[in-house]
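In the UniProt record's numbering, the protein residues as written are 1 to 476.
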């Protein structure tokens, strides 16, 4: 006797080979397990894929970050070919497994053993802080045999902070200056709160940037006139993601380059121990030394996140970056003028900001990491700051032209979820750009941790209007 399936039982068999030729090796429509179905790819990179997946029963959606356990053999330096190879490996796996049965990994096991396993370290650090309202939640972690690890994360339909600043321009659409600044402060204070919570739990993100901040925003929300709270999740809520470069140690070696070009503090770019220029400006002897190498000074890890927060404040308020990289090698005239020539008002001359905001930025952008403002004081300063208006000093509305602030053509929207991933919506969206644009990323846009002690590779990939994103980098 043939047993018919129930009417409310979804069909979860994999697409068959008889279907239209799958030239792109897409996983769309394939089953991840007995409940989750792949919907579409939302990211691809050097070590894996990110797919939107949906529960076929509840219709709840997640972002599935799939990371290969073994780094694949690269096909030279061709990023597109390498991504195709990754896609092919995942496609073949799910093609050969009609209904995969991934093994769920216990969170306590990850927290306890994750530091001994390279591909679990990021997850272990993320789990330490994912209960905070401004950190994305990890719902489950799966293991696909010896092939890959899959992290089931919150899915954010509205995308990351970069797209919300540049493409959606959410901070520029409020009806008046008060509403605009309240929205900006709402986002800024949530960011600071998240970083402070991470710090309290000995987690240092080390890769804060708009692409690693996801957004939920209600453009129709209007604050009650009696509401005195600045943080209001019903208006906007931000979430930190991507702990791929995160650390637990509160001190970091001064020769360790870790982060993304636009957001890295100067001590992550210039070796403070060997630089004669830095030694003339910073008392480097006041810092402790490494137990493994007495010639290597150790600097506070949190100070790098504080610096990145300063850049993010400018991103949110002005849709700009102040400089492409905090380096003394001539790549940024603005940074050199700011630090070496002590022209602290240069930011207020090229950005539409108040003197009060300029003074706040000066408390963040200190060459000596020990001199930077603490997070609690930063929150209070943001609350009391008028970003654009000087009450007592009449300031010129004319701002100097800065080629770093040139606005290139419109960008493409995308979601970002992983530090080692090059986020994109289509496979070749960002492969071809013009090299004569005035404001592009100085590093190759691929979320790749560059191998130890190799120079930062320069390329011109994916032009962005107003400000561009930095490449996640880890260099010893």
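Cβ atoms here follow ideal geometry from the backbone N, Cα and C, with glycine treated the same way.
Can you tell me where the alpha helix (DSSP H) holding residue i begins and where it ends?
i: residue 189; result: 177 to 200
i: residue 387; result: That residue, residue 387, is in no alpha helix (DSSP H); it is neither H nor E in DSSP.
i: residue 317; result: 301 to 318
i: residue 110; result: 107 to 113
i: residue 361; result: 355 to 364
i: residue 339; result: 333 to 339
i: residue 554; result: Because the chain in this structure spans residues 1 to 476, residue 554 falls outside the shown range and cannot be described.
i: residue 89; result: 79 to 96
Take the Cβ of residue i as the centre, count every other Cβ of all protein chains shown within 10 Å, and call the residue buried at 16 or more, exposed below.
i: residue 128; result: buried
i: residue 99; result: exposed
i: residue 404; result: Below a pLDDT of 50, predicted positions are generally treated as unreliable, and residue 404, at 42, falls in that range; no measurement from the model is reported.
i: residue 372; result: buried
i: residue 334; result: buried
i: residue 297; result: buried
i: residue 46; result: buried
i: residue 235; result: buried
i: residue 126; result: buried
i: residue 162; result: buried
i: residue 484; result: Here the chain comprises residues numbered 1 to 476, so residue 484 is not present and cannot be evaluated.
i: residue 217; result: buried
i: residue 280; result: exposed
i: residue 24; result: exposed
i: residue 432; result: Any reading at residue 432 needs caution, since the residue's pLDDT is 29, under 50, leaving its predicted position unreliable; the model's value is listed next. Residue 432 is exposed by the Cβ-count criterion.
i: residue 391; result: exposed
i: residue 79; result: buried
i: residue 302; result: buried
i: residue 114; result: buried
i: residue 204; result: buried
i: residue 348; result: buried
i: residue 34; result: exposed
i: residue 324; result: buried
Nearest to residue i by CA position, among the options, is which residue?
i: residue 358; options: 118, 58, 377 and 381; result: 381
i: residue 295; options: 309, 278 and 272; result: 272
i: residue 364; options: 116, 41, 309 and 135; result: 309
i: residue 164; options: 119, 123, 211 and 41; result: 211
i: residue 369; options: 391, 360 and 307; result: 307
i: residue 213; options: 239, 311 and 108; result: 239
i: residue 249; options: 278, 304, 225 and 262; result: 304
i: residue 315; options: 270, 284 and 208; result: 208
i: residue 360; options: 293, 25 and 384; result: 384
i: residue 269; options: 61, 40, 472 and 27; result: 472
i: residue 300; options: 60, 219 and 199; result: 199
i: residue 146; options: 173, 115, 101 and 204; result: 101
i: residue 326; options: 320, 26 and 311; result: 311
i: residue 237; options: 156, 22 and 83; result: 156
i: residue 97; options: 160, 39, 65 and 31; result: 31
i: residue 206; options: 328, 185, 219 and 262; result: 262
i: residue 493; options: 143, 276 and 387; result: This structure does not reach residue 493, given that the chain is present from 1 up to 476, and the question cannot be answered.
i: residue 277; options: 341, 91 and 176; result: 341
i: residue 94; options: 186, 168, 66 and 366; result: 66
i: residue 232; options: 185, 168 and 29; result: 185
i: residue 321; options: 264, 328 and 70; result: 264
i: residue 63; options: 105, 70 and 40; result: 40
i: residue 151; options: 257, 106, 29 and 221; result: 106
Residues bridged to residue i by DSSP?
i: residue 156; result: Paired residue(s): none; residue 156 is not in a bridge.
i: residue 479; result: There is simply no residue 479 to check, as the chain begins at 1 and stops at 476 in what is shown.
i: residue 276; result: DSSP lists no partner for residue 276.
i: residue 54; result: 37 and 61
i: residue 289; result: 297
i: residue 219; result: In the DSSP output, where bridge partners are listed per residue, residue 219 has none listed.
i: residue 253; result: 298
i: residue 138; result: 153
i: residue 213; result: 240
i: residue 103; result: 143
i: residue 264; result: Bridge partners of residue 264: none, in fact.
i: residue 31; result: 37
How many whole angstroms separate the CB atoms of residue i and residue j, which I take to be in contact at a CB cut-off of 8 Å?
i: residue 153; j: residue 170; result: With a Cβ gap of about 22 Å, residue 153 and residue 170 do not count as contacting.
i: residue 332; j: residue 346; result: Residue 332 to residue 346, Cβ: 11 Å. No contact.
i: residue 194; j: residue 130; result: Not a contact, Cβ separation roughly 11 Å.
i: residue 189; j: residue 241; result: With a Cβ gap of about 19 Å, residue 189 and residue 241 do not count as contacting.
i: residue 85; j: residue 72; result: 6 Å
i: residue 43; j: residue 68; result: Not really, about 14 Å apart at Cβ, beyond 8 Å.
i: residue 192; j: residue 379; result: 5 Å
i: residue 122; j: residue 287; result: 28 Å between Cβ atoms; not a contact.
i: residue 142; j: residue 103; result: 7 Å
i: residue 282; j: residue 367; result: 6 Å
i: residue 56; j: residue 37; result: 5 Å
I need the boundaries of the beta strand (DSSP E) containing residue i, first residue and last residue.
i: residue 122; result: Counting along the chain, residue 122 falls outside any beta strand (DSSP E), though it belongs to the alpha helix (DSSP H) covering 118 to 129.
i: residue 208; result: Per DSSP, residue 208 belongs to no beta strand (DSSP E) and is neither H nor E.
i: residue 239; result: 236 to 240
Is any beta-carbon of chain C found at less than 7 Å from that of residue i?
i: residue 33; result: This model lacks chain C altogether; it includes just one protein chain.
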